[in-house]
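Worksheet: the structure to be examined is printed underneath.
In the numbering used here, the protein residues as written are 27 to 396.
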């Protein structure tokens with residue numbers, strides 16, 4: 027019965043998305059993106075209660091470390107996100123292959139390579155979730171495995187080898203772009219998203235802001251492949267956030283953070299806006315610096331107090347701890363502050379893109395920006 031409801035909701039959203047596209051006079055492929063977002067969100071939202079129930083019955087639970095009572099919360103939320111994301115990708119391939127929409131044509135090889143990379147990184151996350159965050163795979167393994175996951179993108183030589191660098195200007199990396207920069211980008215982004223995590227709604231909220239920004243950039247740049255990936259993932263995260271927001275009923279796990287990070291790298295590479303993708307991850311560079319000071323031994327958790335606020339641990343090893351040191355903030359407030367900072371960064375990146383689209387600033391940007 028549940029599957030029937032999901033099918034009905036998705037079909038209804040198909041009509042709504044096409045209707046909105048027609049009323050707003052949008053291009054046909056924009057209507058498809060709206061459908062991908064909605065269908066992924068519906069599927070994720072509808073399947074999560076079942077997954078939460080199964081996790082409780084199988085005792086796949088973990089303590090919520092930021093609550094004084096340490097309540098047990100379901101794990102493996104990444105399963106729902108991945109299947110919802112996969113559904114969106116499947117719909118996109120179906121529309122491309124069977125519907126005569128002239129504006130919705132893209133390179134299947136790019137989409138398949140990107141999806142395969144994301145799939146392999148997600149498997150790494152699931153494996154790490156199964157072992158547990160205290161006994162998970164080592165940090166160097168987190169760094170190495172996504173390198174192999176980048177092989178599909180390397181094989182088809184995705185992206186453009188020429189990049190504009192600060193001060194230097196245009197540089198053609200040639201074969202080194204595929205052999206070196208692509209795997210570095212995938213493993214770097216995947217692990218970046220995995221560092222700033224551990225609070226209710228934080229990972230999903232950051233993922234929604236990041237994917238929304240890259241989706242908008244993909245549409246503005248007419249990069250359909252990256253737009254499809256971001257639309258499918260955005261919908262899956264929106265459906266998930268309802269159950270992950272404070273107080274969380276399910277945790278996203280490493281499967282989610284690694285998958286979102288890899289997706290951001292993939293979209294930036296095949297969409298040819300790598301610099302913008304790097305800028306978007308500014309908060310995560312700060313997190314990297316803070317984590318490295320403690321040799322990556324400190325989690326992002328706070329110490330819950332009687333008043334409902336979180337106290338920073340003695341060793342500052344996360345951006346969350348820096349915020350906790352600034353006042354008596356609740357878990358929700360800490361998350362909202364970080365999400366607000368990410369929104370500001372996203373706005374700056376969009377402004378940078380706009381200035382760079384103007385001829386005068388595009389000429390100057392390698393010299394005066396960054």
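In this text, a Cβ means the ideal position worked out from N, Cα and C, and glycines have one as well.
Predicted model only: the values in this text are computed from it and were never measured.
ask   = How many Å lie between residue 346 and residue 257 at the Cα?
value = 28 angstroms
inquiry  = In this structure, how does DSSP classify residue 22 when only helix, strand and coil are distinguished?
reply    = The structure shown does not extend to residue 22, since the chain is modelled only from 27 through 396, so no value can be given for it.
message = Starting from residue 219, trace the beta strand (DSSP E) in both directions and tell me its first and last residue.
response = Taken as a continuous stretch (DSSP letters only), residue 219 belongs to no beta strand (DSSP E), being part of the alpha helix (DSSP H) at 208–221.
message = Relative to the C-alpha of residue 153, which candidate in 349, 363, 281 has its C-alpha closest?
response = For residue 153, the nearest C-alpha among the options comes from 281.
query = If you draw a straight line from the alpha carbon of residue 290 to that of residue 240, how long is it in whole angstroms?
reply = 8 angstroms
request  = From the DSSP output, in three-state form, read off residue 356 for me.
outcome  = strand
ask   = Using 8 angstroms as the threshold, is the segment 353–362 in touch with the segment 334–341, meaning 3 or more CB pairs across them?
value = yes
key: Three or more C-beta pairs below 8 angstroms linking the segment 236–251 and the segment 94–103   = no
ask   = What is the residue span of the beta strand (DSSP E) that residue 87 lies within?
value = 87–89
ask   = Where does the unbroken beta strand (DSSP E) through residue 99 begin, and where does it stop?
value = For residue 99, the uninterrupted beta strand (DSSP E) run begins and ends at 98–100, by DSSP.
task = Taking only the alpha-carbon atoms, compute the straight-line gap between residue 121 and residue 58 and give it to the nearest angstrom.
result = So the two alpha carbons sit approximately 8 angstroms from each other.
request  = Evaluate residue 208 with the Cβ neighbour count: other Cβ atoms within 10 Å of its Cβ, from every protein chain shown; 16 or more gives buried, anything less gives exposed.
outcome  = A buried status is given to residue 208, since no fewer than 16 other beta-carbon atoms sit within 10 Å of its beta-carbon.
task = Taking only the alpha-carbon atoms, compute the straight-line gap between residue 299 and residue 182 and give it to the nearest angstrom.
result = 18 angstroms
inquiry  = Considering just the uninterrupted stretch of the alpha helix (DSSP H) at residue 119, what are its terminal residues?
reply    = 104–124
message = For residue 244, report the span of its alpha helix (DSSP H) as first-last.
response = 228–246
query = At which residues does the alpha helix (DSSP H) containing residue 147 begin and terminate?
reply = DSSP places residue 147 in the uninterrupted alpha helix (DSSP H) bounded by 134–157.
Residue 180 vs residue 314 beta-carbon contact at 9 angstroms = no
query = In whole angstroms, what is the alpha-carbon distance linking residue 311 and residue 140?
reply = 24 angstroms
message = For residue 377, which residues in the same chain have their Cβ closer than 6 angstroms to its Cβ, ignoring the five residues on either side in sequence?
response = none
task = Can you tell me which of 89, 284, 110, 67 puts its alpha carbon nearest to the alpha carbon of residue 172?
result = The shortest C-alpha separation from residue 172 is found at 284.
request  = Give every residue of the same chain whose Cβ lies closer than 7 angstroms to the Cβ of residue 319, excluding the five residues on either side of it in the sequence, and list them in chain order.
outcome  = 343
Cβ-based neighbour list, residue 205, same chain, cut-off 7 angstroms, excluding 5 preceding and 5 following = Within the same chain, residue 205 has close Cβ partners 180.
request  = Using the Cα positions of residue 72 and residue 114, report the straight-line distance between them to the nearest angstrom.
outcome  = 15 angstroms
query = So residue 292 is in the alpha helix (DSSP H); what residue range does that whole segment cover?
reply = 279–296
ask   = On the premise that residue 67 lies in contact with residue 265, defined as a C-beta separation below 8 angstroms, what is that separation, rounded to the nearest angstrom?
value = 4 angstroms
task = Return helix, strand or coil for residue 317, following the three-state DSSP convention.
result = helix
inquiry  = Going by DSSP in three states, residue 324 sits in which element: helix, strand or coil?
reply    = In the three-state reduction of the DSSP assignment, residue 324 falls in the coil class, being assigned neither a helical nor a strand state.
query = Does the segment 228–247 come close enough to the segment 360–372 to have 3 or more Cβ pairs within less than 8 angstroms?
reply = yes
message = Cutting at 8 angstroms between CB atoms, please list the residues of its own chain near residue 134, excluding the five before and the five after it.
response = 119, 122
inquiry  = As a quick exercise: from 321, 309, 144, 351, pick the residue whose alpha carbon is nearest that of residue 329.
reply    = 351
request  = Work out the CA separation of residue 288 and residue 215 for me, nearest whole Å.
outcome  = 6 angstroms
query = Between residue 382 and residue 306, what straight-line distance do the alpha-carbon atoms span, to the nearest angstrom?
reply = A direct Cα-to-Cα measurement between residue 382 and residue 306 gives close to 16 angstroms.
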